[in-house]
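S.K.: Whatever position you read off the sequence shown (first residue = 1), add 227 for the working numbering. We put the CB at the ideal spot given by N, CA and C, even for glycine.
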Amino acid sequence: MRKLENSELERKSIADFKKSEKTPLILVLDDVRSLHNIGSVFRTADAFLIEKIYLCGITATPPNKEIHKTALGATETVTWEHNENVLDTIAALQQKGVITLAIEQVESAVFLQNFEVEKNQKYALVFGNEVHGVAQEAVALCDGCIEIPQLGTKHSLNISVSAGIVVWDLFQKMNGSK
Numbered sequence: 228m229r230k231l232e233n234s235e236l237e238r239k240s241i242a243d244f245k246k247s248e249k250t251p252l253i254l255v256l257d258d259v260r261s262l263h264n265i266g267s268v269f270r271t272a273d274a275f276l277i278e279k280i281y282l283c284g285i286t287a288t289p290p291n292k293e294i295h296k297t298a299l300g301a302t303e304t305v306t307w308e309h310n311e312n313v314l315d316t317i318a319a320l321q322q323k324g325v326i327t328l329a330i331e332q333v334e335s336a337v338f339l340q341n342f343e344v345e346k347n348q349k350y351a352l353v354f355g356n357e358v359h360g361v362a363q364e365a366v367a368l369c370d371g372c373i374e375i376p377q378l379g380t381k382h383s384l385n386i387s388v389s390a391g392i393v394v395w396d397l398f399q400k401m402n403g404s405k
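Here it is as structure tokens:
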């Protein structure tokens with residue numbers, strides 16, 4: 228085996244990325260405090276051609292040196308918008324026919340491995356604060372909840388790790404083995 232050079236990876240240009248058909252996933256980050264987590268989510272969104280990121284509440288926005296440190300340019304490719312209120316964001320997405328899903332541990336949550344995507348359906352995944360998770364008001368407003376099964380003692384994952392796990396799972400369910 229030989230590690231591939233960057234020139235061999237056939238990466239998209241920014242212009243090509245912008246023109247590409249996007250994965251019908253939207254990410255909503257609410258009150259995410261860590262600039263590195265925000266940048267990491269941008270990088271994941273770029274990797275899987277995510278349609279858009281909504282940065283809500285106190286979640287910082289680009290341009291920002293600390294976000295850029297982990298995003299590595301993904302803030303230039305992924306469409307994003309800042310909204311002050313996550314509840315307004317969720318309601319607006321629902322009015323557009325987007326199914327909103329909190330990624331949280333709640334009663335009646337569907338375990339990630341059991342979640343089935345609907346063909347031709349757009350989803351918004353709501354991720355919350357590093358300490359408190361998705362706010363109860365946002366959970367109550369969402370159309371459903373997905374839980375990442377965990378077997379250890381902590382029962383929590385870093386928000387950027389959670390985003391990577393859920394995005395990958397839904398991406399592969401939507402696209403098969405692309």
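If you drop the 5 nearest sequence neighbours on each side, which residues of the same chain put their C-beta closer than 8 Å to that of E278?
M.R.: K249, T250, P251, L252, I253, T306, K349
S.K.: If we count Cβ pairs, one from each stretch, closer than 8 Å, do we get three or more for the segment 254-265 versus the segment 344-361?
M.R.: Pairwise C-beta distances place the segment 254-265 in contact with the segment 344-361, as three or more of them are shorter than 8 Å.
S.K.: Under 9 Å between the Cβ atoms of A298 and V394?
M.R.: no
S.K.: Quick one: Cα of K346 to Cα of N356, how far?
M.R.: 30 Å
S.K.: So I326 is in the alpha helix (DSSP H); what residue range does that whole segment cover?
M.R.: No alpha helix (DSSP H) contains I326, which is instead part of the beta strand (DSSP E) from 326-330.
S.K.: Using DSSP's beta-bridge definition, name the partner residues of A298.
M.R.: Looking at the DSSP assignment, A298 forms no beta bridge with any residue, so it has no partner.
S.K.: Going by Cα to Cα distance, which pick from H359, V268, L276, F275 is closest to T288?
M.R.: V268
S.K.: For C283 and T316, which I take to be in contact (beta-carbon distance under 8 Å), what is that distance rounded to the nearest angstrom?
M.R.: 6 Å
S.K.: Where does V366 land, buried or exposed, given buried means 16+ other C-beta within 10 angstroms?
M.R.: Classification for V366: buried.
S.K.: Hey, could you find the ends of the alpha helix (DSSP H) S263 is sitting in?
M.R.: In the sequence as displayed, the identity of residue 263 is His instead of Ser. That run of the alpha helix (DSSP H) goes 262-274.
S.K.: In whole angstroms, give me the CA-to-CA distance for G371 and V333.
M.R.: 10 Å
S.K.: Given a threshold of 16 other Cβ atoms within 10 Å of its Cβ, counted over all protein chains shown, does S389 qualify as buried or as exposed?
M.R.: buried
S.K.: Cα separation between Q340 and D396?
M.R.: Rounded to the nearest whole angstrom, the CA to CA distance from Q340 to D396 is 8 Å.
S.K.: How many whole angstroms separate the CB atoms of V259 and T302, which I take to be in contact at a CB cut-off of 8 Å?
M.R.: The Cβ separation is near 14 Å, so there is no contact.
S.K.: Nearest CA to the CA of V358: which residue from K381, E308, P376?
M.R.: K381
S.K.: Under 9 Å between the Cβ atoms of N291 and N385?
M.R.: no
S.K.: What is the C-beta distance between I392 and I373, in whole angstroms, given that I count them as a contact (C-beta under 8 Å)?
M.R.: Their Cβ separation, rounded to whole angstroms, is 10 Å, which puts I392 and I373 out of contact at 8 Å.
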